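Student:
There are 2 protein chains.
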Amino acid sequence: MAGVRLQDVAELAGVSMKTVSNVVHDYPHVSERMRSKVEAAISELGYRPNISARRLATGRTGMLSLAFSDVSLPYFAELARIVTGLATERGYRLLLEQTDGTAANEREIISTREAGLVDGVIFQPSRMPSLEISKQQHDAPLVLLGEGPAPYSIDHVMIDNAAAVARATGHLVALGCKRIGFIGHEKHDPSVTSIQRLSGFRNAISAAALELDEALVMPSVEISPRDSADAVRRALVAGHRFDGLVCRDDLAAIGALRALQEFGLRVPEDVAVIGWDDITMASFTHPSLTTIAPDTTQVATLALDMLEERIGGYSGPGRHRVADFSLIVRESAPSY
Amino acid sequence: MAGVRLQDVAELAGVSMKTVSNVVHDYPHVSERMRSKVEAAISELGYRPNISARRLATGRTGMLSLAFSDVSLPYFAELARIVTGLATERGYRLLLEQTDGTAANEREIISTREAGLVDGVIFQPSRMPSLEISKQQHDAPLVLLGEGPAPYSIDHVMIDNAAAVARATGHLVALGCKRIGFIGHEKHDPSVTSIQRLSGFRNAISAAALELDEALVMPSVEISPRDSADAVRRALVAGHRFDGLVCRDDLAAIGALRALQEFGLRVPEDVAVIGWDDITMASFTHPSLTTIAPDTTQVATLALDMLEERIGGYSGPGRHRVADFSLIVRESAPSY
DNA sequence: TTGAAAGCGCTAACAA
DNA sequence: TTGTTAGCGCTTTCAA
Numbered sequence: 000m001a002g003v004r005l006q007d008v009a010e011l012a013g014v015s016m017k018t019v020s021n022v023v024h025d026y027p028h029v030s031e032r033m034r035s036k037v038e039a040a041i042s043e044l045g046y047r048p049n050i051s052a053r054r055l056a057t058g059r060t061g062m063l064s065l066a067f068s069d070v071s072l073p074y075f076a077e078l079a080r081i082v083t084g085l086a087t088e089r090g091y092r093l094l095l096e097q098t099d100g101t102a103a104n105e106r107e108i109i110s111t112r113e114a115g116l117v118d119g120v121i122f123q124p125s126r127m128p129s130l131e132i133s134k135q136q137h138d139a140p141l142v143l144l145g146e147g148p149a150p151y152s153i154d155h156v157m158i159d160n161a162a163a164v165a166r167a168t169g170h171l172v173a174l175g176c177k178r179i180g181f182i183g184h185e186k187h188d189p190s191v192t193s194i195q196r197l198s199g200f201r202n203a204i205s206a207a208a209l210e211l212d213e214a215l216v217m218p219s220v221e222i223s224p225r226d227s228a229d230a231v232r233r234a235l236v237a238g239h240r241f242d243g244l245v246c247r248d249d250l251a252a253i254g255a256l257r258a259l260q261e262f263g264l265r266v267p268e269d270v271a272v273i274g275w276d277d278i279t280m281a282s283f284t285h286p287s288l289t290t291i292a293p294d295t296t297q298v299a300t301l302a303l304d305m306l307e308e309r310i311g312g313y314s315g316p317g318r319h320r321v322a323d324f325s326l327i328v329r330e331s332a333p334s335y
Numbered sequence: 000m001a002g003v004r005l006q007d008v009a010e011l012a013g014v015s016m017k018t019v020s021n022v023v024h025d026y027p028h029v030s031e032r033m034r035s036k037v038e039a040a041i042s043e044l045g046y047r048p049n050i051s052a053r054r055l056a057t058g059r060t061g062m063l064s065l066a067f068s069d070v071s072l073p074y075f076a077e078l079a080r081i082v083t084g085l086a087t088e089r090g091y092r093l094l095l096e097q098t099d100g101t102a103a104n105e106r107e108i109i110s111t112r113e114a115g116l117v118d119g120v121i122f123q124p125s126r127m128p129s130l131e132i133s134k135q136q137h138d139a140p141l142v143l144l145g146e147g148p149a150p151y152s153i154d155h156v157m158i159d160n161a162a163a164v165a166r167a168t169g170h171l172v173a174l175g176c177k178r179i180g181f182i183g184h185e186k187h188d189p190s191v192t193s194i195q196r197l198s199g200f201r202n203a204i205s206a207a208a209l210e211l212d213e214a215l216v217m218p219s220v221e222i223s224p225r226d227s228a229d230a231v232r233r234a235l236v237a238g239h240r241f242d243g244l245v246c247r248d249d250l251a252a253i254g255a256l257r258a259l260q261e262f263g264l265r266v267p268e269d270v271a272v273i274g275w276d277d278i279t280m281a282s283f284t285h286p287s288l289t290t291i292a293p294d295t296t297q298v299a300t301l302a303l304d305m306l307e308e309r310i311g312g313y314s315g316p317g318r319h320r321v322a323d324f325s326l327i328v329r330e331s332a333p334s335y
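Quick note, the sequences are listed as chains A and B, same order.
Counting from 0, one number per residue, gives the positions in the first sequence under numbering that gives the first Met the number 0.
Counting from 0, one number per residue, gives the positions in the second sequence under numbering that gives the first Met the number 0.
1. Which complete beta strand (DSSP E) runs does the stretch 271-335 of chain A hold, if anything under 3 residues is left out?
2. Can residue 171 of chain B and residue 181 of chain B be called in contact, C-beta distance under 8 Å?
3. Which stretch, first to last residue, makes up the beta strand (DSSP E) that contains residue 244 of chain B?
4. Can you list, in chain order, the stretches of the beta strand (DSSP E) that have 3 or more residues and sit fully within the stretch 62-136 of chain A?
5. DSSP on residue 18 of chain B, reduced to helix/strand/coil?
6. Assuming residue 71 of chain B and residue 4 of chain A are in contact, meaning their beta carbons sit under 8 Å apart, how far apart are those beta carbons, in whole angstroms?
7. Work out the CA separation of residue 144 of chain B and residue 291 of chain B for me, nearest whole Å.
8. Can you name the start and end residues of the alpha helix (DSSP H) that residue 236 of chain B belongs to?
9. DSSP has residue 154 of chain A in a bridge; who is on the other side?
10. Return the residues of the stretch 80-97 of chain A that lie within a Cβ-Cβ distance of less than 9 Å from chain B, sorted by chain order.
11. Determine whether the Cβ of residue 50 of chain A lies closer than 8 Å to any Cβ atom of chain B.
12. Taking only beta-carbon positions, decide if residue 328 of chain A is within less than 8 Å of chain B.
13. Could you tell me the distance, in whole angstroms, from the CA atom of residue 31 of chain A to the CA atom of residue 53 of chain A?
14. Contact between the stretch 61-68 of chain B and the stretch 18-29 of chain B: three or more CB pairs below 8 Å?
15. For residue 216 of chain A, write down the residues that DSSP places opposite it in a beta bridge.
16. What residues from the stretch 250-275 of chain A come within 9 Å of chain B, judged by C-beta to C-beta, listed N to C?
17. Got a sec: which bits of the stretch 293-317 of chain A sit with their beta carbon under 9 Å from any beta carbon on chain B, in order along the chain?
18. Give a yes or no on whether the minimum CB-CB distance between residue 73 of chain B and chain A is below 8 Å.
19. Below 7 Å on C-beta distance, what does residue 283 of chain B contact in chain A?
20. Relative to the C-alpha of residue 259 of chain A, which candidate in A/248, A/276 and A/230 has its C-alpha closest?
21. Is residue 116 of chain A close to chain B, meaning its C-beta is less than 8 Å from at least one C-beta of that chain?
22. Compute the Euclidean distance between the alpha carbons of residue 99 of chain B and residue 255 of chain B, then round it to the nearest angstrom.
23. Between the alpha carbons of residue 87 of chain B and residue 115 of chain A, how many angstroms are there, rounded?
24. Around the Cβ of residue 35 of chain A, are there at least 16 other Cβ atoms within 10 angstroms (buried) or fewer (exposed)?
25. Check whether the Cβ of residue 290 of chain A lies closer than 8 Å to any Cβ atom in chain B.
26. Nearest-angstrom Cα distance between residue 277 of chain B and residue 293 of chain B?
27. Which word fits residue 0 of chain B, buried or exposed, when buried means at least 16 other C-beta atoms lie within 10 angstroms of its C-beta?
28. Output, in chain order, the set of chain B residues within a Cβ distance shorter than 8 Å of residue 45 of chain A.
29. Counting pairs of beta carbons, one from the stretch 186-194 of chain B and one from the stretch 117-136 of chain B, are three or more of them closer than 8 Å?
30. Answer yes or no: do residue 243 of chain A and residue 266 of chain A have a C-beta to C-beta separation smaller than 8 Å?
31. Leaving out five residues on either side along the sequence, give the residues of the same chain with a beta carbon under 8 Å from the beta carbon of residue 240 of chain A.
32. Looking only at its own chain, which residues have a Cβ that is under 8 Å from the Cβ of residue 59 of chain A, when we skip the five neighbours before and after it?
33. On the DSSP letters alone, give me the boundaries of the alpha helix (DSSP H) that residue 59 of chain A sits inside.
34. Anyone know if the C-beta pair for residue 250 of chain B and residue 282 of chain B falls short of 8 Å?
35. Listing by chain order, which chain B residues have their CB less than 7 Å from the CB of residue 25 of chain A?
36. Quick one, are the C-beta atoms of residue 135 of chain B and residue 152 of chain B less than 8 Å apart?
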């Protein structure tokens, strides 16, 4: 039951607290007799170590936190799944922190009011510029995920966005698309992810010697299939036409698919569509989505590696690791 | 910086620890002079309270845990989102625990090795029978979510599954469906959710005076669109035909949609499809999904209410709360 | 191999 | 209104 202390176990077993502690921690040098006496007492009393006391004594919490805007976005849910699994393998519990994508909440993540909640933080900012992050003092080791070029002092894992969006755009060009649009970035106060992807798209279009019609840059209110579908509908109603679409993420692509179908436009015959993230659902839309797939396991592994090094005492300059990505070709923008 | 203690602040400010503590906690009776002196010292030193120490001293952690099989399943991700928001409003942080749906991990959730990790637990079991849960000793207050009838001693929030599946089946019958199938439950070792929904389906079919062809009960390997699509393909290849489908969840429905389209079957004209959960994606499939929508906010609110009562000391018998659900009619099984 | 005792940093009861 | 002090339960030297 609750309220049983190490002390109580020690008394019942007729040994010292140290011996009980040794047994609890599987310390090798404990005689068989002691061990079994202690174990009997532990189970008789139903003893469980108090984790707050242990944390206070050791200074370690055995927890990491993973922070991003919103778990209900499939990419983050799937990321959380992977990071949880990997963190568990390494002996950590994972605390999920959601910021709703507001700058105020993001600041809270970086400079927590309390110390000692977790041993380290993996954080994908959506609003805070990296430079501001680097200026905030934070007491737990921190690794940043995502698009922004992190400042020199902070560890960072990203994929090569420019290369990824160039690959996607190039795929559409090779399919013969001439009028390619971009969809799904937030209209007001876009996230750093959106900014990076859109600017990469602009570069890719000019690199392909195409001309970008600004009417084909279609922002949405929020990151959601609904808002992206609305944006596409508005563009179509306004008479804008396009034959290819690079989407800020798979959710935007799913919304686009929906709107295009309503207007009788066939995908990929009339409009080819490419998403981003390769969420599970991308395989099951109709048509299935061609999409940029970041190697999320690699992202998570690199982040945890660096975090553990920092926790272990490494205090060198920030490191920037680039994870792989691939273009998964499915029905919405098939092979040429 | 780290390593600054209440004591250090007190010394710098030339006051006692109690005074500093009062300031930190916004205790009303502190003179303005003291307060500003202390606040100056706090910010000069960069003091942050150590949360482990606070927890040890108070016995409260300010954290709740939410446990289920897998955040990457959209229903759980969306549930997590809602519970996090509500818990935050009530002053709790939320720890997410994932069990992978294995009985061993579920037992770990109930009887944690450590005490004092969280103040309370909200748990949606997928494998453990309620009876077994009631027998395990657990030291933090516990509220169960989901389908199983909980034992007398444990608080529980559920929706009326039998009514829900009867509503779905009735909707299909009213549309004129004669051969209605069920899809998406795990073939081996089905989760309690699957068991409940399938058995409810059987009852609903006989209540509608229809005959159930066992070939139309199509299990899948795991909960995923992929496996459900496979199950539907197999049935169609084997020559089984049906005009209505009740799905274990929206993921199964999404897989079914995909398989039906491959076989040239139109939804809803040839086969009407009803999902369960009303995940975000249910609005954006093509056709969009008619689905059973549990009132998840209500589920979360009821669970948190009961949990807070337990944390507050209530120790009466287990309470069973039933949350609302509705049938959201969309394209895959339209109004009749 | 086991025991004794001094913290870890904070809270809260009790005094002043 | 502010100060003093004894825990909270565990870990971890240092001795034995």
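Yeah, the Cβ is synthetic: ideal placement off N, Cα and C, and Gly gets one too.
The structure displayed is predicted, hence computed values, not measured ones.
Tutor: So, from the data block:
1. 271-275, 289-293, 319-322 and 324-327
2. no
3. Looking at the DSSP string, the run of the beta strand (DSSP E) that includes residue 244 of chain B is 243-246.
4. 62-67, 92-97 and 119-122
5. helix
6. Actually they do not touch by this definition, with Cβ atoms about 39 Å apart.
7. The alpha-carbon atoms of residue 291 of chain B and residue 144 of chain B are separated by roughly 17 Å.
8. 224-236
9. A/142
10. Those residues of the stretch 80-97 of chain A placed with their C-beta closer than 9 Å to a C-beta in chain B are 80, 81, 83, 84, 87, 92, 93, 94, 95, 96 and 97, ordered along the chain.
11. yes
12. Not closer than 8 Å to any Cβ of chain B, the Cβ of residue 328 of chain A fails to qualify, so no.
13. 25 Å
14. Using a Cβ-Cβ distance cut-off of 8 Å, the stretch 61-68 of chain B and the stretch 18-29 of chain B are not in contact, since fewer than three pairs of beta carbons, one from each stretch, lie closer than that value.
15. A/181
16. 250, 253, 254, 256, 257 and 260
17. none
18. yes
19. Against residue 283 of chain B, the close residues of chain A are 224, 253, 254 and 257, in the order they occur along the chain (beta-carbon pairs closer than 7 Å).
20. Selected option, being the one with the closest Cα: A/230.
21. True, the Cβ-Cβ gap to chain B drops below 8 Å.
22. 24 Å
23. Distance between the alpha carbons of residue 87 of chain B and residue 115 of chain A: 19 Å.
24. Residue environment for residue 35 of chain A: exposed (fewer than 16 other C-beta atoms within 10 angstroms of its C-beta).
25. no
26. 8 Å
27. Any reading at residue 0 of chain B is ruled out, since the residue's pLDDT is 47, under 50, leaving its predicted position unreliable.
28. 136
29. yes
30. no
31. 178
32. 118
33. Note, residue 59 of chain A: premise wrong, no alpha helix (DSSP H); not H, not E.
34. no
35. Residues of chain B passing the Cβ test: none, with the nearest at roughly 13 Å.
36. no
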